[in-house]
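Notes to accompany the following structure.
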Ligand code: PGA
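In structure tokens, the structure reads:
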């Protein structure tokens, strides 16, 4: 039964390039990844590349002829348009046929003061413009050490996305990214990650239904690489990864994509 449920859930590996790569480097890395995915990846896992805005239009165009690879933004503004110098709205992102957007990454929460309330508005804006949000949650090391991580994760979910009705919630991808594991080389152990993913799925079942929880893809992020991905992806509630540093190297990234249990 469990295998059947796992099979029904989408397996996803999303790369988060963050603020890296100039235009030429980004387009060439994207082409390299797409070619390797076409040659080597035989499963039906979905691949998403979340680049900075300067690459999006070009790589979204390239992605049209490669159904296994999609493109995502790393952020969007919650308002449709207007006097928000430097910002990019969900409707602008939609206009270049980008399909995904990361919302609530801990770097946005930490460095750009994005609160759960703002993030819930961003999720609404993304859904309104037919973007699939990859909604990130995660605790800091201090919160884990204080044993408040479950409470923190619960409020990130309830204030960020549990206001959605069931049909809208079903469009989301959730990413669990412990802040202490991001870019630090400290990965959550497969057991630690599984414990949290199971908790998240239970919270979804309580808020919505068991069927909604069973269908929700929950990705792990935080120093996930080609060496530890297989062990993480083998856990029953881990449906793939959100990959930062290792997504900038085509060989590592494609090896991660190939790390799902056969
Ligand atoms: P990392 O980043 O893989 O470099 O730890 C993950 C992320 O921030 O999405």
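Numbering (the working numbering), first residue to last: 544 to 805.
Don't be surprised by glycine CBs; every beta carbon is placed ideally from N, CA and C.
Fair warning: this is a prediction, and the values are worked out from it, not measured in the lab.
| Check | Outcome |
| --- | --- |
| Three-way DSSP call (helix, strand, coil) for residue 633 in this model | helix |
| Start-to-end residues for the alpha helix (DSSP H) that takes in residue 739 | 733-750 |
| Whole runs of the alpha helix (DSSP H) within the region 664-731, excluding any shorter than 4 residues | 684-688, 692-703, 709-712 |
| Residue 781 Cβ short of 6 Å to the ligand PGA heavy atom set | no |
| Burial state of residue 603 (16 or more Cβ within 10 Å) | buried |
| Burial state of residue 627 (16 or more Cβ within 10 Å) | exposed |
| Cβ-based neighbour list, residue 607, same chain, cut-off 8 Å, excluding 5 preceding and 5 following | 640 |
| Contact under 7 Å by Cβ, residue 623 with residue 632 | yes |
| Nearest neighbour of residue 675, chosen from 682, 716, 705, 780 [CA to CA] | 716 |
| Identity of the residue in 739, 667, 755 nearest residue 551 by Cα | 755 |
| Proximity test, residue 680 beta-carbon vs the ligand PGA heavy atom, cut-off 6 Å | no |
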